[in-house]
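Engineer: Just so you know, our numbering puts 362 at position 302 of the sequence shown, and the rest follows in order with no gaps.
Using N, Cα and C, we set each Cβ at its ideal position, and we do this for glycine too.
Every value quoted in this text rests on a predicted model; they were computed, and no experiment measured them.
Let me give you the structure first, and then I'll get to my questions.
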Amino acid sequence: MKIIKWNDGGINKRVKPYKSIRFKIIGAFLISVILIVVLGSVSYSSFSRSLIESSETSTMNTLDFMGDYLSIVFNTQKSSARDFVLDRSLIEYYAGKYDNSVSDRINAERTITDSIVQLQLTSKFISEAYVTGDRGTWTSTMGKITTSYAGIRNVGSIKAFIDSGLNEAWIGNHDDFYDLVETSMFKIPRDLGLAYVSYFYNTNGEKLGLVMIDISRSFIEETISKNELPDGSIVGFVAADGNEIIVGSNTDEFRFSDLNVRLNGRDGNGRIKGYEYIDYMGQKYLFVYSGITESGSTVFAMIPKAEILSTANVVRLITGTLAAVSAAASIICALFISKGISGSIFNVNRVLQSVSKGNLTEKIDIKSEDEFKYLGEAINSMVDSMSGLIRKAGNVSTEVAASAGDINIQSDNIVESVQGINEAVKDIDTGVNDQAEQASNCSIQMSELGEQITITYKNTEMIEALVKHTQEMANYSMDIINTLSETSNITNEMTRTVVRDIQNLEKNLNYISEIVNTINDIAEKTKLLSLNASIEAARAGGAGKGFEVVAQEIRKLANISSTSAHEINKIATDIQKQTVITTKNAITAEESIFRQKDALAESIKAYKSISRNVDELAEKFGQIVDSVRIMEKKKNITMDSMASITATLEETASATTEMQRTVEKQLEMAYRLKKSAEELGRNAEDLAGNIKIFTI
61 MKIIKWNDGG
71 INKRVKPYKS
81 IRFKIIGAFL
91 ISVILIVVLG
101 SVSYSSFSRS
111 LIESSETSTM
121 NTLDFMGDYL
131 SIVFNTQKSS
141 ARDFVLDRSL
151 IEYYAGKYDN
161 SVSDRINAER
171 TITDSIVQLQ
181 LTSKFISEAY
191 VTGDRGTWTS
201 TMGKITTSYA
211 GIRNVGSIKA
221 FIDSGLNEAW
231 IGNHDDFYDL
241 VETSMFKIPR
251 DLGLAYVSYF
261 YNTNGEKLGL
271 VMIDISRSFI
281 EETISKNELP
291 DGSIVGFVAA
301 DGNEIIVGSN
311 TDEFRFSDLN
321 VRLNGRDGNG
331 RIKGYEYIDY
341 MGQKYLFVYS
351 GITESGSTVF
361 AMIPKAEILS
371 TANVVRLITG
381 TLAAVSAAAS
391 IICALFISKG
401 ISGSIFNVNR
411 VLQSVSKGNL
421 TEKIDIKSED
431 EFKYLGEAIN
441 SMVDSMSGLI
451 RKAGNVSTEV
461 AASAGDINIQ
471 SDNIVESVQG
481 INEAVKDIDT
491 GVNDQAEQAS
501 NCSIQMSELG
511 EQITITYKNT
521 EMIEALVKHT
531 QEMANYSMDI
541 INTLSETSNI
551 TNEMTRTVVR
561 DIQNLEKNLN
571 YISEIVNTIN
581 DIAEKTKLLS
591 LNASIEAARA
601 GGAGKGFEVV
611 AQEIRKLANI
621 SSTSAHEINK
631 IATDIQKQTV
641 ITTKNAITAE
651 ESIFRQKDAL
661 AESIKAYKSI
671 SRNVDELAEK
681 FGQIVDSVRI
691 MEKKKNITMD
701 SMASITATLE
711 ETASATTEMQ
721 RTVEKQLEMA
731 YRLKKSAEEL
741 GRNAEDLAGN
751 IKIFTI
């Protein structure tokens, strides 16, 4: 150990701002502010998304309600128009029934006018109603119209309906119709919303004319105005032909056709329905639309996205304000707290720097009543303890130096003793290893002998099994030969029976030959009798023709009998020849069976002798197997003993080797102890020199 050269180590160097406690405390306070900002952002985002989804849903529901309401109104007025044109007086008038009666025509015109006026008065939705035909005049809620039906049909909107081939339609833009009508009447107050146009027919289904009912524009505007949508929203009604009715702020220059949007959305029922976000006049709008299936019209709404998010913007403003106030308060608190902490740390740092230079008389004085006061008191107590410890270390260092000298002397003695033990252990290890090697060789030889004994034991077991199998086969062969002998006797008896049957058959064939000869004699005599009958019939002349026929048939029967007898005789002769051959073969077989019986008797004697010899051989092999089995057991015991001896010697050799390593380690440790004792003496001297540096 060398004498330490003390220095302050840069303790009082100025800390970089971003590494200071003040910076870290401010950062810690700002984390909560950041979390507040994050919470506000998440809340704003979630609230905005909810507002947008709510606006989309509520606006769509509002438009669906508008569309359903308008659809009901349109259907109701269409039904009223259909009921109107089914009036009998109207159909008869335009069918020309009253052309020949002025009074009836006038009455019919008055009735039609009253009906159409009544139609308007009973519905607040109808602004005007008209009916006309090829015959009669135009009739409306304003009175008669002088323009002809042919002239009306050439008006653009009416002509478009006629050319379409439809029976009924809803027309949005039909100002041209009113332009024509006003030339034949006083000026009509135009409240044009949507017009229903339809043909009406006679009882034969022939077209008589047109009826047109105008739904008032003011009604449509009033309906789509009741929406409770945010300020700046635009709501509109677009007819199938593109005519627009727009309500809302800043709608003077608004045209739905300028939006260039496509109404491609559909619900599950195929109804036009959907929404999207579009840009209009530099702003983002929520564009929602819903179709009116009955009239082919569409209602739509455009809501500024900024208005939808206005409530969410208030949340964002409040969150930003709270975050700014929280950040300012956090920074002020962090500065105040960090100032107190920095002062306490500086005081502690000053004393510790003095102590590091060896002055243990300095004390820390902290006025604040917090953890730093207790830290200062703990450091003061530590310095006092260090002073006492250094005093004791000075006294101990002297004693350690003296003890180190004694340890050095004793370590020399230990080294000499361990060296002697090491040499003795080496000799023991050599002897034990030699014994272990010899025991291992002996064990290997015993193992080889044991393998030979095992092979012999297995071979004798196999031979014993073969002998037993041979014994079983001999017994089995005896059984087969006995069975064969019995079968041979049965065969011999059957052969004798066959010979007797063949001899009897030969006798029967002789009888058949005699019978055939008798038949031949009868046939010859019958032929002769037939010849005589023919001669007598020839003599009798015409009276003997019948007898001649009988004689011919008898001759035929005689020939057939002679031929059959000849065939039977031939077959019998062949059978007799074959019987003679079969008899000879049967006699030969009988003689062979007798010889076979004698051979079987000799075989039985030989197999009995073999069986006795095999039984004796099996007995002797059983004794050999028992002896080899005893050798196998003794071999196993001997092998176990040799294995135990070898294992013991190997364990002893391993133990002596391990003991030698241990002794060598002890020797090495003795050298280290000696070296450590020398080092301890030097360190004790250095410690005494270093202790003198401290001021106590």
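Could you check what DSSP says for residue 291 in three-state terms: helix, strand or coil?
Structural biologist: In this structure, residue 291 counts as coil in the three-state DSSP scheme.
Engineer: Measuring straight from C-alpha to C-alpha, what distance separates residue 741 and residue 733?
Structural biologist: For residue 741 and residue 733, the distance between alpha carbons rounds to 12 angstroms.
Engineer: Could you please give the first and the last residue of the uninterrupted beta strand (DSSP E) stretch that includes residue 253?
Structural biologist: From DSSP, the beta strand (DSSP E) with residue 253 extends over 252 to 261.
Engineer: Return the residue from the list 320, 96 and 355 that minimises the CA-CA distance to residue 340.
Structural biologist: When each option's Cα is compared against that of residue 340, the closest is 320.
Engineer: What's the gap between the Cα of residue 69 and the Cα of residue 412?
Structural biologist: In this prediction, residue 69 scores a pLDDT of 46, lower than 50, which makes its location untrustworthy; no coordinate-derived value is stated.
Engineer: Over the uninterrupted alpha helix (DSSP H) stretch that includes residue 317, give me the two end residues.
Structural biologist: Where residue 317 is concerned, there is no enclosing alpha helix (DSSP H), given that its DSSP letter is neither H nor E.
Engineer: For residue 95 and residue 401, what's the separation of their Cα atoms in angstroms?
Structural biologist: Going by the C-alpha atoms only, they are around 26 angstroms apart.
Engineer: For residue 274, count neighbouring Cβ atoms within 10 angstroms of its own Cβ and tell me buried if that reaches 16, exposed if not.
Structural biologist: Buried, because 16 or more other Cβ atoms sit within 10 Å of the Cβ of residue 274.
Engineer: When you compare only the Cα positions, how much space is there between residue 222 and residue 269?
Structural biologist: Rounded to the nearest angstrom, the two C-alpha atoms are 11 angstroms apart.
Engineer: DSSP on residue 276, reduced to helix/strand/coil?
Structural biologist: It is a strand residue.
Engineer: Given this structure, state the Cα-to-Cα distance separating residue 497 from residue 710, to the nearest angstrom.
Structural biologist: Cα to Cα, residue 497 sits roughly 9 angstroms from residue 710.
Engineer: Judging by CA-CA distance, which residue of 185, 218 and 133 is the nearest neighbour of residue 257?
Structural biologist: Residue 257 has its Cα closest to that of 218, out of 185, 218 and 133.
Engineer: Going by beta carbon distance, what residues of the same chain come within less than 8 angstroms of residue 172, once the five residues before and after it are set aside?
Structural biologist: Cβ neighbours of residue 172 beyond the five flanking positions: 147, 149, 150, 153, 191 and 199.
Engineer: Report buried or exposed for residue 601, applying the criterion of at least 16 other Cβ atoms within 10 angstroms of its Cβ.
Structural biologist: Looking at its Cβ environment, which holds fewer than 16 other Cβ atoms inside 10 Å, residue 601 is exposed.
Engineer: Suppose you measure from the CA of residue 587 to the CA of residue 548; what does that come to, to the nearest Å?
Structural biologist: Cα to Cα, the separation comes out at about 58 angstroms.
Engineer: So, does the segment 115 to 134 touch the segment 353 to 367, judging by three or more C-beta pairs under 8 angstroms?
Structural biologist: Segments in contact, yes.
Engineer: Taking DSSP's pairing of strands, which residues face residue 343 in a bridge?
Structural biologist: Residue 343 pairs with 340.
Engineer: What are the start and end residues of the beta strand (DSSP E) that includes residue 220?
Structural biologist: Run containing residue 220: none in the beta strand (DSSP E); it sits in the alpha helix (DSSP H), 216 to 224.
Engineer: On a CA-only basis, which of 526, 721, 646 and 729 is nearest residue 675? Give me that one, please.
Structural biologist: Of the candidates 526, 721, 646 and 729, the one whose C-alpha sits nearest the C-alpha of residue 675 is 526.
Engineer: Considering only C-alpha positions, which residue in the set 285, 331 and 574 is nearest to residue 309?
Structural biologist: Of 285, 331 and 574, the residue nearest in Cα terms is 285.
Engineer: Using three-state DSSP, classify residue 616 as helix, strand or coil.
Structural biologist: Residue state, collapsed to three classes: helix.
Engineer: In the DSSP assignment, find the unbroken beta strand (DSSP E) run with residue 355 in it and report its ends.
Structural biologist: Where residue 355 is concerned, there is no enclosing beta strand (DSSP E), given that its DSSP letter is neither H nor E.
Engineer: How many Å lie between residue 155 and residue 265 at the Cα?
Structural biologist: Roughly 12 angstroms separates the two Cα atoms.
Engineer: Can you tell me where the alpha helix (DSSP H) holding residue 188 begins and where it ends?
Structural biologist: Element bounds for residue 188: not the alpha helix (DSSP H) but the beta strand (DSSP E), 186 to 193.
Engineer: I'd like the span of the beta strand (DSSP E) that includes residue 299, first residue to last.
Structural biologist: Element bounds for residue 299: n/a, residue is neither H nor E.
Engineer: Pick out whichever of 538, 301 and 704 has its Cα sitting closest to the Cα of residue 661.
Structural biologist: Of the listed residues, the one whose Cα sits closest to residue 661 is 538.
Engineer: Looking at residue 367 and residue 296, is the spacing between their C-beta atoms short of 7 angstroms?
Structural biologist: No, these two residues do not count as a Cβ contact at 7 angstroms.
Engineer: Can you find a CB in chain D that lies within less than 7 angstroms of the CB of residue 297?
Structural biologist: The structure shown contains no chain D; it is built from a single protein chain.
Engineer: Can the beta-carbon of residue 580 be found less than 7 angstroms from the beta-carbon of residue 625?
Structural biologist: A contact, by the Cβ cut-off of 7 angstroms.
Engineer: Determine the extent of the alpha helix (DSSP H) in which residue 266 is found, giving its start and end residues.
Structural biologist: It is not in any alpha helix (DSSP H) - residue 266 carries neither H nor E in the DSSP assignment.
Engineer: Can the beta-carbon of residue 181 be found less than 7 angstroms from the beta-carbon of residue 189?
Structural biologist: No, these two residues do not count as a Cβ contact at 7 angstroms.
Engineer: In whole angstroms, what is the alpha-carbon distance linking residue 682 and residue 704?
Structural biologist: Cα-Cα distance, rounded: 33 angstroms.
Engineer: Output yes or no for whether 7 angstroms exceeds the beta carbon distance between residue 378 and residue 351.
Structural biologist: No, Cβ-Cβ distance for residue 378 and residue 351 is not below 7 angstroms.
Engineer: Jot down the residue ranges of each uninterrupted alpha helix (DSSP H) in the segment 143 to 169, minimum 4 residues, whole runs only, in chain order.
Structural biologist: Runs found: 148 to 154.
Engineer: Nearest-angstrom Cα distance between residue 566 and residue 598?
Structural biologist: Using only the alpha carbons, I get a separation of about 48 angstroms.
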